[in-house]
Amino acid sequence: MSGELQLTRRALLVKLAILVNAVLAAVLAVPMIGYLFSPLLKSKEYLQWVSLGSTETFPEGQTRLATFRNPFGHPWDGVTDKTACWVRNVGGGKFQVFAINCAHLGCPVRWFPQSELFMCPCHGGVYYADGAVAAGPPPRGLFEYPWDIRNGKLMIRAGELPTLSTRA
Amino acid sequence: MHWFDNISEWLEQRLQIGAPLRELVLHPVPRRSASWWYVFGSAGLVLFVMQVITGILLALVYAPTAGQAWNSLQIIDRGISLGWFLRAMHGWGADFMVAVVLIHMTQVFLFGAYKFPRELTWVAGVFLLLFTLGMAFTGQVLRFDQDAYWGLGIGAAIMGRVPGVGAYLVHLMLGGPIIAGATVSRFFDLHVFILPALLAGFIGLHLLLVLKLGVNEWPMPGRLVRRETYLKEYEQLTRDEGVPFVPYAIWKDMFFAAGIIAAVAVCSLVLGPFGPRGVPDPTIIQAAPRPDFFFLWLFALLALLPPQMETPVLLIAPVVVIGAILLLPFIAGEGEKSWRRRPIAVLSLTVIAVSLAALTHLADLAPWSPVMNAWSSDPIPKVELQGRSPLELRGALVFQEKQCRNCHALGGVGGRRGPELDDVATRLTEDQLIRQVIQGGGNMPAYGKNLNPAEVTALVAFLETLHPPGQLPARDASRTQAATAASRSTPSRP
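Quick look at the structure:
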């Protein structure tokens with residue numbers, strides 16, 4: 013009788029030990045999972061207004077390449093925190109700022125002023141000067157950055173790699 | 042050798058692995074399975090070990106940061122004697138490992154080795170294939186050049202297509218909002234810690250199962266697998282005609298593995314390491330990213346699928362395909378093992394192999410990619426310019442200047458995104474040419490806004506001259522009729 017009692021006591025202790033460890037694991041899992049998913053937690057902070065330089069560097073009627081540094085870069089990002097975009101001065105103080113990334117699969121599109129087309133080297137996506145799809149597989153036109161002119165400088169709201177579900 | 046015996050005895054007293062080791066070495070293999078067809082699995086293991094060794098050595102110098110990875114590859118290639126050779130061994134070893142794993146899987150499939158009771162061995166093997174491909178992809182990323190950068194961009198674009206949680210997946214994959222330092226760190230984590238650990242664990246499981254369940258017997262047509270009788274039959278077979286793994290089978294494994302390693306070394310020595318190509322600077326947009334060999338078929342598939350099918354295929358097909366491969370031994374776990382009596386299996390395998398080979402070959406040519414510098418680098422063939430009128434020559438200039446050449450070849454040179462134009466005049470009439478140029482269509486942009494009427498006239502005049510000698514350009518039949526009708530109605534002059 014006493015032997016049986018001891019056995020259940022041992023069994024209870026084992027169960028209790030498992031419980032203690034499980035609780036501890038659950039508590040420790042919080043910072044671990046939080047750490048792992050930290051890129052998701054601050055997705056609202058990723059965007060910031062960045063300057064592309066004076067509006068005068070973008071002549072009317074032309075589309076030119078502009079580059080900027082990612083607003084939330086780290087020293088060890090090296091050259092990868094640089095980003096390029098295409099700035100189109102539509103005229104009348106209006107601009108269009110296109111992401112470099114093709115809407116199909118993100119390859120860098122190139123502007124050809126002679127034929128006024130953007131062409132993608134990967135799968136042959138082609139866009140018109142206003143960013144609309146001209147040919148090829150892209151499911152939508154080029155991604156556009158929101159822009160603004162402040163103190164004569166062209167500013168864009170940027171900081172995120174544009175895909176079909178992230179903003180430009 | 043008295044001291045040697047003493048040491049082994051001392052170790053054996055503590056470790057007690059003599060008996061299991063003997064079991065491992067002497068486990069009976071069906072005589073016909075001690076064959077050259079059964080050497081691919083062990084070759085894969087040897088390649089894995091070699092990848093671990095070369096990988097550890099490379100990691101001594103490699104700097105796993107987005108800012109310095111590319112520079113550290115230059116040091117490995119040029120700053121350390123034979124560093125380039127080690128990097129080449131790691132790169133070629135990876136290609137050989139994927140190839141050997143695929144060949145091993147093909148052999149296992151054709152020999153019916155996945156059937157009862159080796160279902161779990163197959164499942165573990167499928168995971169080993171996935172991890173190996175994962176290593177190949179993450180390794181390609183760590184060779185952090187332009188291709189790697191834009192390859193990550195393609196990965197992010199695919200993640201971005203997942204409905205609902207796309208943005209989260211993009212951020213999780215990149216470790217932040219853009220491809221940068223955190224991205225390289227997490228791919229280093231995957232390539233160096235997570236995937237190798239998973240590979241090692243699953244290799245252990247895979248080998249344990251091979252030992253416990255025995256090597257698959259040589260499939261004989263008509264000898265069927267039945268759950269009730271198989272284990273007894275296999276036991277009988279190994280008792281009657283089994284031979285110990287050492288030395289009957291192992292020498293073949295060893296010679297083949299040596300051959301593979303030698304082949305990796307020769308490829309490395311002669312062909313050198315892969316890349317790195319351009320600096321991973323995203324503002325250098327003169328990039329035409331290409332994936333490594335084993336992902337070329339995917340690159341082709343993404344180019345050739347109709348656009349509206351891309352997202353479903355990208356997101357659903359991998360689940361279906363991997364699910365089907367995993368379920369195979371549970372659906373077809375019994376019956377015939379010999380490929381001679383499994384026509385559907387052989388046919389499926391042939392279709393898959395031919396499709397992958399065809400897609401890889403196509404991706405090598407990449408006819409869907411415009412040739413971005415064709416308009417400025419490939420001159421129009423002389424024959425197309427001789428004896429042409431000034432208007433037609435002006436058209437030829439328009440043709441080059443407006444980048445038509447990037448998608449259309451002349452004399453076999455130029456892009457292949459659109460049709461070759463050497464004989465376009467025989468296919469389209471003048472009116473059709475004008476319409477095509479101005480309105481586009483059939484995957485061609487409309488040039489109406491970008492060309493003035495004079496340029497269109499000149500361009501079409503040039504295109505009208507593009508027909509083989511002796512073959513007339515296409516003419517609109519109604520025009521001829523109208524012309525003859527007009528000539529009839531007007532009184533002929535004397």
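Sequence order for the protein chains is Z and H. Count along the first sequence from 1, then add 12; that gives the number in this note's numbering. Count along the second sequence from 1, then add 41; that gives the number in this note's numbering. Ideal Cβ positions, reconstructed from N, Cα and C, are used throughout, including at glycine. Keep in mind the model is a prediction, meaning the values are calculated, not measured.
Smallest Cα separation from H/Pro-494: which of H/Pro-420, H/Gln-148 and H/Arg-435? For the purposes of this step, residue 494 of chain H is taken as the residue at position 453 of the second sequence. The shortest Cα separation from H/Pro-494 among H/Pro-420, H/Gln-148 and H/Arg-435 belongs to H/Arg-435.
Bridge-paired residues (DSSP) for Z/Ser-63: Here residue 63 of chain Z corresponds to residue number 51 of the first sequence, with the count starting at 1. Answer is Z/Met-167.
Which one of H/Leu-432, H/Leu-114 and H/Ala-60 has the shortest CA to CA distance from H/Gly-319? Residue numbering aside, residue 319 of chain H sits at position 278 when the second sequence is read from its first letter. Cα-wise, what sits closest to H/Gly-319 is H/Leu-114.
Straight-line Cα distance separating H/Val-307 from H/Leu-98: By 1-based counting over the second sequence, the position of residue 98 of chain H is 57. By 1-based counting over the second sequence, the position of residue 307 of chain H is 266. The alpha-carbon atoms of H/Leu-98 and H/Val-307 are separated by roughly 19 Å.
Within 10 angstroms of the Cβ of Z/Thr-175, are there 16 or more other Cβ atoms? Answer buried if so, exposed if not. On the first sequence, position 163 is the one that residue 175 of chain Z refers to. The residue is buried, with at least 16 neighbouring Cβ atoms inside 10 Å.
So what does DSSP say about H/Pro-285, is it helix, strand or coil? Taking the first residue of the second sequence as 1, we reach residue 285 of chain H at position 244. In this structure, H/Pro-285 counts as strand in the three-state DSSP scheme.
What are the residues in the segment 113–136 of chain Z lying within 7 Å of chain H by C-beta distance? Asn-113, Leu-117, Gly-118, Cys-119, Pro-120, Arg-122, Phe-124, Gln-126, Ser-127, Glu-128, Leu-129, Met-131, Pro-133, Cys-134, His-135 and Gly-136
So that I know if they touch, is there some Cβ in chain Z lying closer than 8 Å to that of H/Pro-288? As a working note, residue 288 of chain H is residue 247 in the second sequence. H/Pro-288 does not count as touching chain Z.
So, H/Thr-95 versus H/Gly-59, is the Cβ gap smaller than 8 Å? For the purposes of this step, residue 95 of chain H is identified with residue 54 of the second sequence, where counting begins at 1. For the purposes of this step, residue 59 of chain H is identified with residue 18 of the second sequence, where counting begins at 1. Their beta carbons are not under 8 Å apart, which means H/Thr-95 does not touch H/Gly-59 by this criterion.
H/Pro-69 and H/Val-251 - do their beta-carbons sit closer together than 8 Å? For the purposes of this step, residue 251 of chain H is identified with residue 210 of the second sequence, where counting begins at 1. For the purposes of this step, residue 69 of chain H is identified with residue 28 of the second sequence, where counting begins at 1. No, they are not a contact pair.
Mind checking if H/Pro-535 is an interface residue toward chain Z, Cβ cutoff 8 Å exclusive? Here the question's residue 535 of chain H lines up with position 494 in the second sequence. With a pLDDT of only 48 at H/Pro-535, under the threshold of 50, the placement of this residue in the model should not be trusted; the figure read from the coordinates follows. Chain Z contact via Cβ: absent.
State buried or exposed for H/Thr-525, treating a residue as buried only when at least 16 other CB atoms are found within 10 Å of its CB. Counted from its first residue, the second sequence places residue 525 of chain H at position 484. When all chains shown are included, H/Thr-525 counts as exposed.
Other residues of its chain near Z/Gly-65: CB distance less than 8 Å, five sequence neighbours each side excluded: Counting from 1 along the first sequence, the entry for residue 65 of chain Z is found at position 53. Contacts found: Ala-78, Lys-165 and Leu-166.
Proximal residues to H/Ala-208 (C-beta, below 8 Å), its chain only, five neighbours per side dropped: As a working note, residue 208 of chain H is residue 167 in the second sequence. Same-chain partners within the cutoff: Gly-201.
Counting only C-beta atoms, is H/Arg-202 closer than 8 Å to chain Z at any point? Start at 1 with the first residue of the second sequence, and residue 202 of chain H comes out as number 161. True, the Cβ-Cβ gap to chain Z drops below 8 Å.
Based on the DSSP secondary-structure assignment, which residues constitute the bridge partners of Z/Asp-160? By 1-based counting over the first sequence, the position of residue 160 of chain Z is 148. According to DSSP, which records beta bridges pairwise, Z/Asp-160 is partnered with Z/Met-167.
Bounding residues of the alpha helix (DSSP H) (the contiguous stretch that carries Z/Asn-101): Translated into positions along the first sequence, residue 101 of chain Z becomes position 89. Looking at the DSSP string, Z/Asn-101 is not in any alpha helix (DSSP H); the run it does join, the beta strand (DSSP E), is 94–103.
Beta-carbon within less than 7 Å of H/Gly-85's beta-carbon, same chain only, minus the 5 sequence neighbours each way: which residues are those? Looking up residue 85 of chain H in the second sequence gives position 44. If we look at H/Gly-85 and ignore the five residues flanking it on each side, its Cβ neighbours are Met-138, Val-141, Val-142 and His-145.
Start and end residues, beta strand (DSSP E) containing Z/Leu-77: As a position in the first sequence, residue 77 of chain Z is number 65, starting the count at 1. Per DSSP, Z/Leu-77 belongs to the beta strand (DSSP E) from 75–81.
Do H/Leu-239 and H/Phe-172 have their CB atoms nearer than 8 Å? In the second sequence, counting from the first residue as 1, residue 239 of chain H sits at position 198. In the second sequence, counting from the first residue as 1, residue 172 of chain H sits at position 131. Yes, these two residues count as a Cβ contact at 8 Å.
Please report the straight-line C-alpha distance between H/Phe-334 and H/Ala-398, rounded to a whole angstrom. Along the second sequence, read from residue 1 onward, the residue named residue 334 of chain H stands at position 293. Along the second sequence, read from residue 1 onward, the residue named residue 398 of chain H stands at position 357. In a straight line, the C-alpha of H/Phe-334 is about 11 Å away from that of H/Ala-398.
Does the segment 48–58 of chain H come into contact with the segment 95–104 of chain Z, if we say contact requires no fewer than three beta-carbon pairs (one atom in each stretch) closer than 8 Å? no
Since Z/Val-42 meets chain H, which of its residues come closer than 9 Å, beta carbon to beta carbon? Here residue 42 of chain Z corresponds to residue number 30 of the first sequence, with the count starting at 1. Correct list: empty, because the minimum Cβ distance to chain H is about 18 Å.
For H/Gly-376 versus H/Val-266, is the C-beta distance shorter than 8 Å? Residue mapping note: residue 376 of chain H aligns to position 335 of the second sequence, counting from 1. Residue mapping note: residue 266 of chain H aligns to position 225 of the second sequence, counting from 1. The answer is yes: Cβ separation under 8 Å.
Check the Cβ of Z/Tyr-182 against every Cβ in chain H and list those closer than 9 Å, keeping chain order. One cannot answer for residue 182 of chain Z here, as it falls past the ends of chain Z, which runs 13 to 180.
Under 9 Å between beta-carbons, which chain H residues line up against Z/Leu-64? List them in chain order, please. Taking the first residue of the first sequence as 1, we reach residue 64 of chain Z at position 52. Ordered by position in chain H, no residue passes the 9 Å Cβ test against Z/Leu-64, which lies about 12 Å from the chain.
Which of the three DSSP states, helix, strand or coil, is assigned to Z/Tyr-139? For the purposes of this step, residue 139 of chain Z is identified with residue 127 of the first sequence, where counting begins at 1. Note: Z/Tyr-139 maps to strand in three-state DSSP.
Return the bridge partner residues of H/Glu-377 from the DSSP annotation. Locating residue 377 of chain H in the second sequence gives position 336, where the first residue counts as 1. Paired residues: H/Leu-265.
What does Z/Trp-159 reach in chain H if we use C-beta pairs closer than 7 Å? As a working mapping, residue 159 of chain Z is identified with position 147 in the first sequence. Correct list: empty, because the minimum Cβ distance to chain H is about 19 Å.
Would you say H/Asp-322 reaches chain Z, if we count a Cβ-Cβ gap shorter than 8 Å as a contact? Indexing the second sequence from 1 puts residue 322 of chain H at position 281. Cβ-Cβ to chain Z under 8 Å: yes for H/Asp-322.
Please state if the CB of H/Gly-132 and the CB of H/Phe-340 are separated by a distance shorter than 8 Å. For the purposes of this step, residue 340 of chain H is taken as residue 299 along the second sequence, with counting starting at 1. For the purposes of this step, residue 132 of chain H is taken as residue 91 along the second sequence, with counting starting at 1. No, they are not a contact pair.
Kindly indicate the opening and closing residues of the alpha helix (DSSP H) around H/Arg-55. Taking the second sequence and counting its residues from 1, one reaches residue 55 of chain H at position 14. 43–56 is the extent of the alpha helix (DSSP H) around H/Arg-55.
Taking CB distances under 8 Å as the criterion, tell me whether Z/Leu-28 reaches chain H. Working through the first sequence from its first residue, we reach residue 28 of chain Z at position 16. No, its Cβ sits nowhere closer than 8 Å to a Cβ of chain H.
Under the DSSP definition of a beta bridge, which residues are partnered with Z/Val-109? Along the first sequence, one-based indexing puts residue 109 of chain Z at 97. Looking at the DSSP assignment, Z/Val-109 forms a beta bridge with Z/Val-99 and Z/Tyr-157.
Whose Cβ in chain H lies nearer than 9 Å to the Cβ of Z/Tyr-140? Locating residue 140 of chain Z in the first sequence gives position 128, counting from the first residue. Within 9 Å Cβ-Cβ: Pro-486, Ala-487, Lys-490 and Asn-491.
Hey, quick one: how far does the beta strand (DSSP E) through Z/Leu-129 stretch, first residue to last? Taking the first sequence and counting its residues from 1, the one referred to as residue 129 of chain Z is at position 117. First-last of the beta strand (DSSP E) with Z/Leu-129: 129–131.
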